[in-house]
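Only one structure is covered here, and it is reproduced in the block below.
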Amino acid sequence: MSKFSSHNFSNEKALIRVDFNVPLDKQTQAITDDTRMTAVIPTINKILNDGGSVILMSHLGRPKDGAEEKYSLKHIVQHLSQLLDGKTIKFADDCIGEQAKTLASSLQPGEVLLLENLRFHKEEEKGDAQFAQQLCKLGDVYVNDAFGTAHRAHASTAIIAKYFSPENKMFGLLMNAEVESAEKVLHKADKPFTAIIGGAKVSDKILIIENLLERATDIIIGGGMAYTFMKAQGGTIGTSLCEDERITTAQELLKKAEAKGVCIHLPSDSVIAEKFDMNSDISTSPSNNIPDSWMGLDIGPMACDHFSHVIKNSKTILWNGPMGVFEMEKFQHGTKTIAKAVAEATQNGAFSLVGGGDSVAAVNQFGYADKVSYVSTGGGALLEYFEGKSLPGISAISE
Ligand code: AMP
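Take 1414 as the starting number for the sequence shown in the numbering used here and just add one per residue.
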């Protein structure tokens, strides 16, 4: 049982770092995706049910210079109340200062207080110790349940942990689940272990591929980044996405993979278009022989079959990044097929972890989110974890 699950929060004030950095509609400020909020409700409920009270702190957006109305956490109060069965949410207009102190100290068991956006103070992102100390005084116990910001050494995500004794700082239920599933894939993977890496840019994914070369048996590369690899192998790729300055890196990665016996799978064919446009004429072509004025915007039917076969034979699967421009219907077949293969492999006993903004959006959009083992709430944090970096938000509590 985790430290959090076995802790009794009765009569304690739990200061929880959550990630309520939800997307808001620009005009109405309505929440357009509440996944990050629903993900921490079990943590909040456990504390309240124990007879404790909850003080929530989060950032929202990237305010430049102090408070900005559009980034106020006030916009989420009503929805948070709904997610907690209509409970009244107290709100402090500033995360530190007299009002926050008074509201926190008078909080009764079963009550919830939400603090205003931490990033209205530049000290948050600077990891300022004094700011962290002011925050820490608000609660008896510190709970970190913000995996999405675990890669940042900010005041509320890492520095604050110094001011709580070991028995009074812990991960929440979400953070525990995130860390457990990421560890299972990175350190305890049953083989064959297939990593599916897609998306637009090779440059964003070099470190993760390098680290996975030490662990995976198979790496599937799809999406726009596959064309830099195609060109690195001497193919012609028309006007497909390509990072010419990464061609040497791609060649080195292919060589390293061969030396380590890791199988790199590239899409043998592609769905191609004359323009980056949903109304463009489309065709299919070998990925290494794309006509001059055409571009590859999705993996083709042969690649779909090949990749699905590899995925279905895997015992562990990590998926980060789409196989094509899945936002447009004409180019979503590849990503959809891969989502289906991951779901089938999972049904047959594989452990599958999907993480990183666009692949999560894809499994949600195509209805496969509940058919994979775990969908991570962390984008940058998950990527850094799989690059082999130590995440400050995790080490501040576990070390
Ligand atoms: P990333 O943020 O690097 O994971 O990239 C995700 C984006 O890559 C999505 O918006 C996709 O539309 C885009 N993408 C995937 N495949 C391609 C492609 N073949 N050409 C251009 N963009 C692509």
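Glycine included, every Cβ here is placed at the ideal spot set by N, Cα and C.
Residue i: CB within 7 Å of a non-hydrogen atom of the ligand AMP
i, result
"residue 1735", "yes"
"residue 1769", "yes"
"residue 1500", "no"
"residue 1740", "yes"
"residue 1368", "Outside the shown range of the chain (1414 to 1812) lies residue 1368, about which nothing can therefore be said."
"residue 1613", "yes"
"residue 1710", "yes"
"residue 1636", "yes"
"residue 1654", "yes"
"residue 1617", "yes"
Short Cβ contact (8 Å threshold) for residue i with residue j
i, j, result
"residue 1604", "residue 1630", "yes"
"residue 1547", "residue 1576", "no"
"residue 1505", "residue 1526", "yes"
"residue 1468", "residue 1429", "yes"
"residue 1768", "residue 1791", "yes"
"residue 1451", "residue 1606", "no"
"residue 1503", "residue 1482", "no"
"residue 1463", "residue 1519", "no"
"residue 1555", "residue 1581", "yes"
"residue 1819", "residue 1624", "What the structure shows of the chain is the stretch from 1414 to 1812, and residue 1819 is not part of that stretch, so it cannot be assessed."
"residue 1466", "residue 1521", "yes"
"residue 1416", "residue 1583", "yes"
"residue 1456", "residue 1666", "no"
"residue 1489", "residue 1453", "no"
"residue 1695", "residue 1743", "yes"
"residue 1638", "residue 1679", "no"
"residue 1568", "residue 1540", "yes"
Assumed close pair residue i, residue j - CB separation to whole angstroms, cut-off 8 Å
i, j, result
"residue 1508", "residue 1529", "5 Å"
"residue 1756", "residue 1784", "4 Å"
"residue 1795", "residue 1789", "5 Å"
"residue 1561", "residue 1432", "4 Å"
"residue 1626", "residue 1669", "6 Å"
"residue 1779", "residue 1752", "5 Å"
"residue 1437", "residue 1608", "Actually they are not in contact, since the Cβ atoms of residue 1437 and residue 1608 sit about 33 Å apart, beyond 8 Å."
"residue 1793", "residue 1564", "6 Å"
Distance, residue j Cα to residue i Cα
i, j, result
"residue 1646", "residue 1774", "31 Å"
"residue 1772", "residue 1798", "17 Å"
"residue 1532", "residue 1478", "9 Å"
"residue 1683", "residue 1427", "52 Å"
"residue 1612", "residue 1736", "7 Å"
"residue 1574", "residue 1472", "17 Å"
"residue 1442", "residue 1702", "47 Å"
"residue 1599", "residue 1566", "22 Å"
"residue 1723", "residue 1634", "12 Å"
"residue 1786", "residue 1806", "24 Å"
"residue 1461", "residue 1809", "25 Å"
"residue 1699", "residue 1740", "23 Å"
"residue 1621", "residue 1499", "43 Å"
"residue 1510", "residue 1537", "14 Å"
"residue 1476", "residue 1557", "22 Å"
"residue 1720", "residue 1474", "37 Å"
"residue 1632", "residue 1418", "36 Å"
"residue 1439", "residue 1484", "11 Å"
"residue 1514", "residue 1594", "37 Å"
"residue 1748", "residue 1601", "27 Å"
"residue 1579", "residue 1812", "9 Å"
"residue 1447", "residue 1501", "19 Å"
"residue 1764", "residue 1685", "33 Å"
"residue 1492", "residue 1486", "11 Å"
"residue 1658", "residue 1674", "26 Å"
"residue 1671", "residue 1495", "53 Å"
"residue 1410", "residue 1712", "It is not possible to answer for residue 1410, since the shown part of the chain is limited to 1414 through 1812."
"residue 1512", "residue 1425", "20 Å"
"residue 1745", "residue 1776", "12 Å"
Below-8 Å beta-carbon distance, residue i vs any chain C residue
i, result
"residue 1771", "The structure shown contains no chain C, having only a single protein chain."
### Task
Give a yes or no on contact between the stretch 1643-1652 and the stretch 1697-1715, applying the rule of three or more CB pairs nearer than 8 Å.
A contact exists between the stretch 1643-1652 and the stretch 1697-1715.
### Query
Does the stretch 1709-1718 touch the stretch 1658-1665, meaning 3 or more C-beta pairs lie closer than 8 Å?
Output reads no: the stretch 1709-1718 does not touch the stretch 1658-1665.
### Query
Hey, is the stretch 1617-1629 in contact with the stretch 1690-1701, meaning 3+ C-beta pairs nearer than 8 Å?
Contact between the stretch 1617-1629 and the stretch 1690-1701 is absent: fewer than three C-beta pairs spanning the two stretches fall below 8 Å.
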